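Remarks on the structure that follows.
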């Protein structure tokens with residue numbers, strides 16, 4: 327009811343389900359879609375017992391401390407444009423946090439939202455569709471925001487942060503994120519969010535490390551492509567577009583061209 331009130335009348339048809347606990351909001355969304363549920367569908371849980379990040383990593387999801395949500399969508403877009411939803415979700419989170427707290431967030435390509443140099447939010451976008459027809463059938467955008475967490479596990483301490491001690495309504499935050507992402511997804515091809523994604527980027531102008539063929543490569547991040555790719559420039563001046571994967575930002579002192587791939 328709190329989320330519905332914060333949404334207003336624009337998305338009165340949005341199905342909202344709230345759970346005490348789930349293994350993963352993305353997994354539950356996929357189960358519901360497989361059983362015939364309609365989109366758009368917003369799922370939220372007080373905790374996740376098997377929250378997932380990229381590459382199968384666990385996502386820390388303590389009860390009552392975060393916003394753990396999945397927005398399941400059927401956007402009118404090609405399967406090849408699915409990665410744009412991750413960029414759109416990151417901008418939606420950054421805008422929503424700023425609207426409620428006036429705090430400026432940044433985005434680390436491709437799926438993390440940062441506040442004051444620490445990770446505030448992780449995003450896991452999982453799509454299904456037809457490669458042959460380049461048709462997107464559904465997308466589950468999983469979003470986890472640390473809202474009230476004070477004490478992180480040792481492996482996250484110093485690298486993660488939350489919105490605490492600021493008093494932020496999780497109902498309002500969920501609604502603010504959902505409305506923005508629904509609006510972006512309605513016309514994904516317009517890419518209205520990409521310029522802000524670029525403006526909030528943590529990686530542009532920095533030397534980044536990434537994996538290629540089992541080896542770590544390094545290059546200068548120079549741009550964000552039309553479909554959300556990270557454009558990197560090698561020491562010889564040639565450029566490459568990274569469509570997926572992860573990058574590690576190297577310290578400023580290591581931005582010398584001798585380290586480039």
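Residue numbers (this note's numbering): 327 to 587. Ideal placement from N, C-alpha and C gives every residue a C-beta, glycine not left out. These numbers come from a predicted model, not from an experiment.
Taking just the CA atoms, how far does residue j sit from residue i?
{"i": "residue 475", "j": "residue 390", "result": "9 Å"}
{"i": "residue 336", "j": "residue 366", "result": "13 Å"}
{"i": "residue 522", "j": "residue 534", "result": "21 Å"}
{"i": "residue 340", "j": "residue 504", "result": "10 Å"}
{"i": "residue 447", "j": "residue 417", "result": "11 Å"}
{"i": "residue 453", "j": "residue 400", "result": "10 Å"}
{"i": "residue 473", "j": "residue 434", "result": "19 Å"}
{"i": "residue 402", "j": "residue 513", "result": "7 Å"}
{"i": "residue 538", "j": "residue 493", "result": "43 Å"}
{"i": "residue 358", "j": "residue 352", "result": "10 Å"}
May I ask you to report which of helix, strand or coil DSSP gives residue i?
{"i": "residue 344", "result": "strand"}
{"i": "residue 350", "result": "coil"}
{"i": "residue 502", "result": "helix"}
{"i": "residue 454", "result": "strand"}
{"i": "residue 540", "result": "coil"}
{"i": "residue 331", "result": "helix"}
{"i": "residue 411", "result": "helix"}
{"i": "residue 421", "result": "helix"}
{"i": "residue 515", "result": "helix"}
Taking the beta carbon of residue i as the centre, do at least 16 other beta carbons fall within 10 Å, making it buried, or is it exposed?
{"i": "residue 490", "result": "exposed"}
{"i": "residue 395", "result": "buried"}
{"i": "residue 392", "result": "buried"}
{"i": "residue 515", "result": "exposed"}
{"i": "residue 438", "result": "buried"}
{"i": "residue 350", "result": "buried"}
{"i": "residue 569", "result": "exposed"}
{"i": "residue 483", "result": "exposed"}
{"i": "residue 527", "result": "buried"}
{"i": "residue 524", "result": "exposed"}
Would you mind giving the Cβ-Cβ distance between residue i and residue j, rounded to the nearest angstrom? I have them listed as a contact below 8 Å.
{"i": "residue 345", "j": "residue 371", "result": "4 Å"}
{"i": "residue 471", "j": "residue 441", "result": "The Cβ separation is near 10 Å, so there is no contact."}
{"i": "residue 328", "j": "residue 497", "result": "3 Å"}
Which residues in the same chain have their Cβ closer than 8 Å to the Cβ of residue i, if we skip the five residues on either side of it in sequence?
{"i": "residue 451", "result": "408, 409, 411, 412, 415, 437, 465, 466, 467 and 468"}
{"i": "residue 422", "result": "499, 502, 503 and 506"}
Take residue i and list the residues in its own chain whose beta-carbon comes closer than 7 Å to its own, dropping the five residues that flank it on each side.
{"i": "residue 542", "result": "535"}
{"i": "residue 551", "result": "557 and 567"}
Within its chain, find whatever has a CB closer than 6 Å to the CB of residue i; leave out the 5 residues flanking it on each side and keep chain order.
{"i": "residue 586", "result": "Residue confidence for residue 586 is low, a pLDDT of 46 falling below 50, so the modelled location carries little weight; the figure read from the coordinates is stated next. Counting only Cβ-Cβ distances below 6 Å, and skipping sequence neighbours, we find 544, 545, 560 and 561."}
{"i": "residue 510", "result": "414 and 519"}
{"i": "residue 532", "result": "547 and 575"}
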